[in-house]
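Each residue of the sequence shown is one higher than the last, beginning at 8 in my numbering.
The next block holds one structure in the form of structure tokens; read it before the comments.
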Amino acid sequence: MRLLQDPEHIPPVVSIHLPASIENLPDFIGPVLALASAYHLDEEKKNDLELALEEALVNIFRYAYPEKTGMVDLTCRIEGGRLILLIEDEGLPFAIDTTAAADLTADICERRIGGLGIHLIKNLMDDVRYRREGNRNLLELTLSIDPQAVQR
Numbered sequence: 008m009r010l011l012q013d014p015e016h017i018p019p020v021v022s023i024h025l026p027a028s029i030e031n032l033p034d035f036i037g038p039v040l041a042l043a044s045a046y047h048l049d050e051e052k053k054n055d056l057e058l059a060l061e062e063a064l065v066n067i068f069r070y071a072y073p074e075k076t077g078m079v080d081l082t083c084r085i086e087g088g089r090l091i092l093l094i095e096d097e098g099l100p101f102a103i104d105t106t107a108a109a110d111l112t113a114d115i116c117e118r119r120i121g122g123l124g125i126h127l128i129k130n131l132m133d134d135v136r137y138r139r140e141g142n143r144n145l146l147e148l149t150l151s152i153d154p155q156a157v158q159r
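Here you go:
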């Protein structure tokens, strides 16, 4: 894990490369939230960011590598009025757009398992894109932020 910075300025990029393990969840989320705080994102945006990132990572930890522990690359950058997370892994392909949506109208005891995390991610983030390039899954999550709020 590394937070790219120079002494006078926290740059708008965080890059993390760690094993896909639930034990590493704080090591993925902490630097992203630190960057969000350094750029003065409000608490609601930070909470949305944390929940969406946690859901995406936990899905990778649980399902991308069923027989071994693989690696996850996370890059978080701020560009103008957007905070962009790019999450990459070499696990099983996962088409986020074809996953059945969670049935939020069904009784809690009768709901099928699955889909709620994806529903949360899509509703908390402003843009969610998935693609498969070679043997890599690339999930890009974008959160719109007030460009004036990130002035340092």
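All C-beta atoms in this analysis are idealised placements derived from N, C-alpha and C, irrespective of residue type, glycine included.
Candidates the options, of which the one nearest residue i by Cα
i	options	result
P26	D55, V65, A45	V65
L32	N144, S151, M132, I67	I67
M132	R138, P19, I36, R89	R89
E61	G77, G124, F101	G124
R143	L81, I152, T149, L127	L81
T149	D55, R139, E30, F101	D55
H126	K52, L58, M78, H47	L58
E73	D34, F101, H47, D49	Note that residue 73 is Pro in the sequence shown, not Glu. The candidate whose alpha carbon is nearest that of P73 is F101.
L145	D153, S151, L92	L92
F35	H47, V79, E51, D49	V79
Status (buried if at least 16 other CB within 10 Å, exposed otherwise) for residue i
i	result
D134	exposed
L99	exposed
D96	buried
Y70	exposed
I29	exposed
V21	buried
A113	Low local confidence applies: a pLDDT of 49 at A113 is under 50, so the model's placement there is unreliable, with the coordinate-based value given in what follows. Burial call: exposed.
I152	buried
D110	Confidence is the limiting factor: at D110 the pLDDT is only 49, short of 50, which leaves the residue's position unreliable, though a coordinate-based value still follows. Exposed.
Counterpart residues of residue i in DSSP-defined beta bridges
i	result
D134	T149
S44	None; S44 has no bridge partner.
E140	R143
S160	A question about residue 160 goes unanswered here, because the residues of the chain that appear run from 8 up to 159.
G23	Position check: residue 23 holds Ile in this sequence, whereas Gly was assumed. I23 is bridged to L81.
Neighbour flag for residue i against chain C, beta carbons, 9 angstroms
i	result
F68	Given the protein chain composition of this structure (a single chain), no chain C is represented.
**Asked** Three or more C-beta pairs closer than 8 angstroms, one from the region 30-50 and one from the region 79-98: is that the case here?
**Response** yes
**Prompt:** Taking the runs of the beta strand (DSSP E) that are 3 residues or longer, which of them lie wholly in the region 49-103?
**Reply:** 78-86, 89-96
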